[in-house]
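Participant: Just passing along the structure, written as structure tokens.
There are 2 protein chains.
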Amino acid sequence: MTSLLLVLQFSMSMILDGKKVARQKRALLAERVQTLVAKGIIPKLAFLTAGADEASLSYQHSQARICAKLGIATQSINLAADVTEEEVYNAVIQLNADVDVHGIIVAIPLPKVVDEERILTAIDPQKDVDCLSPINRGRLAFDNSEFLPATPAGIINLLHNYEIELEARHVVIIGRGKAVGWPLAQILIQKTKKGNATVTICHSRSGDLTRYTKQADILVAAVGRARFVGQEFIHSNQIVIDAGINAVETSAGWSMVGDVDFEAVSTKVKAITPVPGGVGPMTVAALLENVVIAAERRSK
Amino acid sequence: MTSLLLVLQFSMSMILDGKKVARQKRALLAERVQTLVAKGIIPKLAFLTAGADEASLSYQHSQARICAKLGIATQSINLAADVTEEEVYNAVIQLNADVDVHGIIVAIPLPKVVDEERILTAIDPQKDVDCLSPINRGRLAFDNSEFLPATPAGIINLLHNYEIELEARHVVIIGRGKAVGWPLAQILIQKTKKGNATVTICHSRSGDLTRYTKQADILVAAVGRARFVGQEFIHSNQIVIDAGINAVETSAGWSMVGDVDFEAVSTKVKAITPVPGGVGPMTVAALLENVVIAAERRSK
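Protein chains in written order, with our numbering: chain A, 1 to 300; chain B, 301 to 600.
Quick look at the structure:
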């Protein structure tokens, strides 16, 4: 692997192909689902939304389709935008109690009238496949969360698949959000095979970001701004992970781009994830694996 | 403040006097306790240990003495080393139920037979003045924990007292432990007045630590190794925070030293905390403040 990277470094960047790796992962998951079905257990994922917009519902449908292909059942509870906190809370309690449901995803942000933290705290930690419950978040840093959150797990699985070492490497993360930056840092600093990295978290108030990003062995962009990371952020010996998904309007219609300016950066680094086809499919695969894990635990 | 630091920089380092600042803080706390007592509420802190050694018990006694001076009541439950998990668990449940108890400190590590995470999870988050419950830990990163853990809070209070800006500063923390390194990073990266710093966490598997520490505006040592941080780690424009407490044997008996080689470093940086008299007293003051906060919340 090392020698391969060495050769590539002087010719072109390596593309970390999340689409391909996720496909392999889904094939393995389909086998695990079959084993469960043979025992009479159908893994089931429940979506709970309140006041979801079109984009959110369309994302839910695409996830449900992927679930269907693997043999994972889904259920959707889409509450209206003018819902009360008690209605959302009761929906969570009902899903917790439903023995046929193995995983629960609550779409955030919830409407403003709802105390989001109370709702997330109510999710049964053993069904919290997106690792949003504060209990699981608190356990994350000590490697005893019930599940790893999907995007960080997807990123780590992708690096692992390409045999990219994390120990003693400097990972610089741009972004301190709940879904990616913060939990990824938690996992990477742990004393585990998936961790032992040295991590820097920078963000919108860090001042000159290049002061930090130029130091990175592995640079993770989780900013939520289209093509934010340009040439001035990177160096040639770097691995760049793009966790961004941004819709931008082009002359040919809407297009999906990452937080990294792929055209400017991709030929100048050691390896990079494309958008789409990088972190995105790895995230979905990681989430589905959490549902399968939840069902497998129940089957024991 | 800035001009003062500037002058000091060319003459000698500034000593960040935690002993003095903590004394002022305790005086303010004593007033708040009096206000509570006037309402008929005596703030009370409970210690729970299992198989505690001499050092741990002596630390507990010294904390109880400081509590007594402020008018905070204390209670100790010191279980034997051969305790069962249920006994420890039941002790926590009893303290949760006791309306006279406002804060609970469970000494960790607990004996090996005890599932520590289960015990910490059992602590009522509203009495968890050391922020050890995974619920509070999980909420920490999003600025909605019931309390800030004592040592990180003490460090931040000390910096705040000396008007040392955190926003857009690079804080490098050596150590990823539960008590200091990890929670301090959580607080510092938040979008709050106490945060907005850029944080790097390094540790025993980071390789050459000076690669990171030399980059720091503020360097925090939380390693647990006596005089670990020497001249090669620092630069002259740096603020050094020493969270270490290590007992070392000298010709004159036992002596308390920090993680920083104070003699070698203290004249060569902009500002530094001594050991003892730096982070230690600030930690105790922060813990006592949490107990007072817990009692104040109950009084409303």
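Just so you know, even glycine gets a beta-carbon here, dropped at the ideal spot from N, CA and C.
Quick check on V256 (chain B): buried or exposed, where buried means 16 or more other Cβ atoms within 10 Å of its Cβ?
Facilitator: An answer regarding residue 256 (chain B) cannot be provided, because it is not within the stretch 301 to 600 covered by chain B.
Participant: List the whole-angstrom C-beta distance separating P343 (chain B) from I372 (chain B), where the pair is believed to meet the contact cut-off of C-beta under 8 Å.
Facilitator: Residue numbering aside, residue 343 (chain B) sits at position 43 when the second sequence is read from its first letter. Residue numbering aside, residue 372 (chain B) sits at position 72 when the second sequence is read from its first letter. So it is a contact: roughly 5 Å between Cβ atoms.
Participant: Nearest-angstrom Cα distance between V540 (chain B) and E563 (chain B)?
Facilitator: Stepping through the second sequence from its first residue, residue 540 (chain B) is reached at position 240. Stepping through the second sequence from its first residue, residue 563 (chain B) is reached at position 263. The alpha-carbon atoms of V540 (chain B) and E563 (chain B) are separated by roughly 13 Å.
Participant: Name the residue from A:I108, A:I135, A:L16, A:A216 whose alpha carbon lies nearest to the alpha carbon of E232 (chain A).
Facilitator: In the first sequence, the residue the question calls residue 232 (chain A) occupies position 232. Of the candidates A:I108, A:I135, A:L16, A:A216, the one whose C-alpha sits nearest the C-alpha of E232 (chain A) is A:A216.
Participant: Is there a C-beta anywhere in chain A that falls below 9 Å from the one on L440 (chain B)?
Facilitator: Residue numbering aside, residue 440 (chain B) sits at position 140 when the second sequence is read from its first letter. Taking Cβ atoms only, chain A reaches closer than 9 Å to L440 (chain B), which makes this a yes.
Participant: Spatial neighbours of T513 (chain B) within its chain, please: C-beta separation below 6 Å, excluding the five flanking residues on both sides.
Facilitator: Here the question's residue 513 (chain B) lines up with position 213 in the second sequence. For T513 (chain B), where only same-chain residues beyond five positions count, the Cβ hits under 6 Å are V472, L519, F533.
Participant: Does Q515 (chain B) get closer than 9 Å to chain A when you measure Cβ to Cβ?
Facilitator: Within the second sequence, the letter at position 215 stands for residue 515 (chain B). Yes, Q515 (chain B) lies at the interface with chain A (some Cβ there is under 9 Å from its Cβ).
Participant: Compare the C-beta of P274 (chain A) with all C-beta atoms of chain B and state if any pair is closer than 9 Å.
Facilitator: For the purposes of this step, residue 274 (chain A) is taken as the residue at position 274 of the first sequence. P274 (chain A) does not count as touching chain B.
Participant: Check whether the Cβ of P134 (chain A) lies closer than 9 Å to any Cβ atom in chain B.
Facilitator: To locate residue 134 (chain A), count along the first sequence from 1; it is residue 134. Yes, because at least one Cβ of chain B sits closer than 9 Å to the Cβ of P134 (chain A).
Participant: Does the stretch 482 to 489 of chain B touch the stretch 160 to 171 of chain A, meaning 3 or more C-beta pairs lie closer than 8 Å?
Facilitator: The stretch 160 to 171 of chain A is not in contact with the stretch 482 to 489 of chain B.
Participant: So that I know if they touch, is there some Cβ in chain B lying closer than 9 Å to that of I93 (chain A)?
Facilitator: Along the first sequence, read from residue 1 onward, the residue named residue 93 (chain A) stands at position 93. False, the Cβ-Cβ gap to chain B never drops below 9 Å.
Participant: Between E463 (chain B) and chain A, is there a C-beta pair that is closer than 9 Å?
Facilitator: Against the second sequence, residue 463 (chain B) aligns to sequence position 163. For E463 (chain B), the answer is no, since every Cβ of chain A falls outside 9 Å of its Cβ.
Participant: Output yes if chain B places a C-beta closer than 9 Å to the C-beta of R205 (chain A); else output no.
Facilitator: For the purposes of this step, residue 205 (chain A) is taken as the residue at position 205 of the first sequence. R205 (chain A) counts as touching chain B.
Participant: How is Q309 (chain B) classed by DSSP in three states: helix, strand or coil?
Facilitator: As a first step, residue 309 (chain B) is located in the second sequence; it is residue number 9 there, counting from the start. Caution is warranted here: a pLDDT of 47 is assigned to Q309 (chain B), below 50, making its placement in the model unreliable, and the coordinate value is therefore given only provisionally. Of the three classes helix, strand and coil, the one that applies to Q309 (chain B) here is helix, per DSSP.
Participant: Could you tell me whether the stretch 56 to 68 of chain A touches the stretch 314 to 325 of chain B, where touching means 3 or more Cβ pairs closer than 8 Å?
Facilitator: Touching, no.
Participant: Determine the burial state of E386 (chain B): buried for a count of at least 16 other Cβ atoms within 10 Å of its Cβ, exposed for fewer.
Facilitator: Within the second sequence, numbered from 1, the residue matching residue 386 (chain B) stands at position 86. That one is exposed.
Participant: With 9 Å set as the bound, which would you pick, yes or no: does the beta-carbon of R211 (chain A) sit closer than that to a beta-carbon of chain B?
Facilitator: Indexing the first sequence from 1 puts residue 211 (chain A) at position 211. Judged by the 9 Å Cβ criterion, R211 (chain A) is in contact with chain B.
Participant: Which of the three DSSP states, helix, strand or coil, is assigned to L403 (chain B)?
Facilitator: Against the second sequence, residue 403 (chain B) aligns to sequence position 103. Residue 403 (chain B) is actually Gly in this sequence, not Leu. In this structure, G403 (chain B) counts as strand in the three-state DSSP scheme.
Participant: May I ask which residues mark the beginning and end of the alpha helix (DSSP H) holding T513 (chain B)?
Facilitator: Counting from one through the second sequence, the residue named residue 513 (chain B) turns up at place 213. Unbroken alpha helix (DSSP H) run through T513 (chain B): 510 to 513.
Participant: Pull the bridge partners of K25 (chain A) from the DSSP assignment, please.
Facilitator: As a working note, residue 25 (chain A) is residue 25 in the first sequence. Looking at the DSSP assignment, K25 (chain A) forms no beta bridge with any residue, so it has no partner.
Participant: For chain A, is any of its Cβ atoms less than 9 Å away from the one on K478 (chain B)?
Facilitator: Taking the second sequence and counting its residues from 1, one reaches residue 478 (chain B) at position 178. Yes, because at least one Cβ of chain A sits closer than 9 Å to the Cβ of K478 (chain B).
Participant: Could you work out which residues of chain B lie near V199 (chain A), taking near to mean beta carbons separated by less than 8 Å?
Facilitator: Position 199 of the first sequence holds residue 199 (chain A). Under the 8 Å cutoff, chain B gives T500, I501.
Participant: Which residue from B:S504, B:I456, B:A521 puts its Cα closest to that of Q490 (chain B)?
Facilitator: Indexing the second sequence from 1 puts residue 490 (chain B) at position 190. Cα-wise, what sits closest to Q490 (chain B) is B:I456.
Participant: Run down chain B in chain order and give the residues with a C-beta less than 7 Å from the C-beta of A168 (chain A).
Facilitator: Position 168 of the first sequence holds residue 168 (chain A). Simply R505, S506, G507.
Participant: What did DSSP end up calling D317 (chain B) once you bin it into helix, strand or coil?
Facilitator: Along the second sequence, one-based indexing puts residue 317 (chain B) at 17. The answer is coil: DSSP assigns D317 (chain B) none of H, G, I, E or B.
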